[in-house]
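Q: Mind having a look at this structure? Questions to follow.
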Amino acid sequence: MILRKWVRGFVGTALGLAGLVAMAQSFPAKPVRLVVPYAPGGTGDLVGRILAKSLSAQYGQQVIVENRPGAGGHIGAELVARSTPDGYTLLFGAIGTRAAFSVTSNLRYDPVRDLQAVVLLCESPNILIVNPALPATTVQEFLALAKAKPKQITFGSAGNGTSTHLIGELFKSSTGVDLTHVAYKGSGPAMTDLVGGHIQAMFENLPAAVSHVKAGKVRAIALTGKARSDSLPGVPTAAESGVPGFEATSWFTIDAPRGVPEAVLRKLNEDIHRSIHSPELAPQWRELGLRPTGGSIATAADFIAKETEKWTRLVRSAGIRD
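Residue numbers (the numbering used here): 49 to 370.
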């Protein structure tokens with residue numbers, strides 16, 4: 049009797065595992081939805097569409113980008129967190145939704161409990177850009193102007209708690225200037241207002257700023273990374289411009305709702321890693337100033353946990369809450 053039960057249990061487990069393997073091998077059997085929790089025009093939208101096009105070609109199935117902006121990215125993130133955990137709904141994650149969520153009070157989901165890292169996607173510096181009418185061409189001129197006019201210079205962001213907000217706050221605390229933050233539902237609308245002169249500055253993700261800088265619509269002041277970028281080699285870093293030790297980098301992930309079968313997660317991880325490191329995408333990453341990352345699911349999860357600790361400390365020390 050005991051042997052019979054053991055055999056039945058073993059067979060059931062084996063069949064279950066075989067089913068999961070078969071599911072992963074046939075994945076995706078229908079279109080995949082990639083939720084970008086920001087408005088069109090920003091880095092998330094830009095990079096999300098590049099990735100979606102590459103994966104669509106790899107899968108022979110559409111990977112559809114769906115913009116769900118609002119609440120610093122949390123409207124879209126909550127949508128993914130509450131979706132069916134089958135691998136067919138993914139999140140374009142970033143600092144705001146995956147590490148600095150303590151900025152936002154009364155979240156209706158738990159980013160740690162309800163979301164699962166799939167892969168580290170890429171990283172890039174941010175860039176301080178200003179409206180060309182602002183009489184500042186260097187960091188020191190910008191600082192002098194800001195100190196002469198406390199709270200009068202506004203900087204826009206993709207929303208409270210996003211990297212474009214927090215890196216601005218880090219810049220404020222590092223330099224002692226008092227800038228006024230204006231939150232938008234994504235970098236796209238903020239960039240529109242910067243070009244139009246309704247705000248004076250942004251600490252934008254580099255990929256979303258490159259084309260505007262090259263077109264002369266905005267003026268580049270400094271990069272927030274530790275080195276200059278090949279995409280805009282003439283733009284200095286903040287550190288070499290007189291803000292010693294200043295360094296901040298934005299990063300992006302692909303995430304899924306908690307509970308996606310492990311075999312499907314592994315397939316997504318491997319497929320996305322293959323895609324972002326493909327020779328076909330290398331020129332696009334270079335032009336945008338992005339560095340593809342990749343790595344295992346565990347690597348992504350560990351990275352997010354460490355970044356959450358870091359950005360939570362900044363949020364608390366700066367007293368940032370929405």
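No residue lacks a Cβ here, since even glycine has one placed at the ideal position from N, Cα and C.
In the DSSP assignment, find the alpha helix (DSSP H) that holds His229 and state where it starts and stops.
A: Taken as a continuous stretch (DSSP letters only), His229 belongs to no alpha helix (DSSP H), being part of the beta strand (DSSP E) at 228-231.
Q: Can you say whether Ser365 is buried or exposed, counting buried as having 16 or more other CB atoms within 10 angstroms of its CB?
A: With fewer than 16 Cβ atoms within 10 Å of its Cβ, Ser365 is classed as exposed.
Q: Can you tell me which of Thr186, Gly236, Lys197 puts its alpha carbon nearest to the alpha carbon of Ala206?
A: Nearest of Thr186, Gly236, Lys197 to Ala206, Cα basis: Gly236.
Q: With a Cβ-Cβ cutoff of 7 Å, do Phe140 and Gly96 count as a contact?
A: In contact: Phe140 and Gly96 (Cβ atoms closer than 7 Å).
Q: Do Ala129 and Tyr107 have their C-beta atoms within less than 7 Å of each other?
A: No, these two residues do not count as a Cβ contact at 7 Å.
Q: Specify whether the region 192-206 and the region 156-173 touch according to this definition: at least 3 beta carbon pairs, one from each stretch, less than 8 Å apart.
A: Output reads no: the region 156-173 does not touch the region 192-206.
Q: Any chance you could list the beta strand (DSSP E) runs of at least 3 consecutive residues sitting entirely within the region 213-294, in chain order?
A: Segments of the beta strand (DSSP E) lying fully in the region 213-294: 228-231, 249-253, 267-271.
Q: Starting from Gly96, follow the alpha helix (DSSP H) in both directions and report where the run begins and ends.
A: Its alpha helix (DSSP H) spans residues 91-107.
Q: Only counting the same chain, and skipping five residues up and downstream in sequence, which positions put a Cβ closer than 7 Å to that of Val291?
A: Excluding residues within five positions, the ones whose Cβ falls inside 7 Å are Val187, Ser222, Thr223.
Q: With contact counted as at least three CB pairs below 8 Å, one residue from each stretch, are the region 265-272 and the region 102-117 in contact?
A: Segments in contact, no.
Q: So the alpha helix (DSSP H) Asn317 belongs to, where does it begin and stop?
A: Run containing Asn317: 310-324, per the alpha helix (DSSP H) assignment.
Q: Can you tell me whether DSSP reads Phe75 as helix, strand or coil?
A: In the structure shown, Phe75 sits in coil (DSSP, three-state: anything other than H, G, I, E or B).
Q: If you follow the beta strand (DSSP E) that Phe300 is part of, which residue opens it and which one closes it?
A: Start and end: 297-305.
Q: Taking Val166 as part of the alpha helix (DSSP H), name the residues at either end of that continuous run.
A: Run containing Val166: none in the alpha helix (DSSP H); it sits in the beta strand (DSSP E), 163-178.
Q: Give the secondary structure of Ile345 by DSSP, where H, G and I count as helix, E and B as strand, and everything else as coil.
A: The answer is helix: DSSP assigns Ile345 an H, G or I state.
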